[in-house]
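Following: one structure in structure tokens, then a few remarks.
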Amino acid sequence: MGMKNYKVKGMTCEHCAKAVEQELEFVAGTQGVDVDVERGIVRVTGHGFTDEGVTAAIEEAGYEVVVED
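Just so we're aligned, residue 12 is where the sequence shown starts under the numbering used here, counting upward by one.
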């Protein structure tokens with residue numbers, strides 16, 4: 012199973028976390044989502060999900076994925 016962390020800007024509460032989790036349920040290949048609001052991290056686990064799909068879902072929830080070099 013693959014796992015990847017995404018840095019997300021703008022999440023401030025558990026409602027934010029729930030919104031992100033709900034959008035990510037619809038991304039093909041995701042099997043688990045863990046949101047750490049304090050750190051602004053979304054951990055996605057599964058097989059076959061893409062960065063593009065995850066980013067689009069997070070943006071649909073109203074938040075911004077921060078690309079770190």
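Beta carbons are placed, not taken as given, at the ideal position from N, Cα and C, and that holds for glycine.
These figures come from a predicted structure and were not determined experimentally.
Reduced DSSP secondary structure (H/G/I, E/B, other) of residue i
i, result
"G57", "strand"
"G64", "helix"
"E25", "helix"
"V31", "helix"
Contact belief for residue i with residue j at Cβ below 8 Å, rounded distance in angstroms
i, j, result
"E25", "V48", "7 Å"
"K18", "V76", "7 Å"
"V31", "G64", "Not a contact, Cβ separation roughly 13 Å."
Rounded separation between residue i and residue j - CA only
i, j, result
"K15", "C27", "19 Å"
"Y74", "G57", "21 Å"
"M12", "Q42", "9 Å"
"V55", "A68", "12 Å"
"E34", "V78", "19 Å"
"M22", "V53", "10 Å"
First through last residue of the beta strand (DSSP E) which encompasses residue i
i, result
"Y17", "G13 to K20"
"V77", "E75 to V77"
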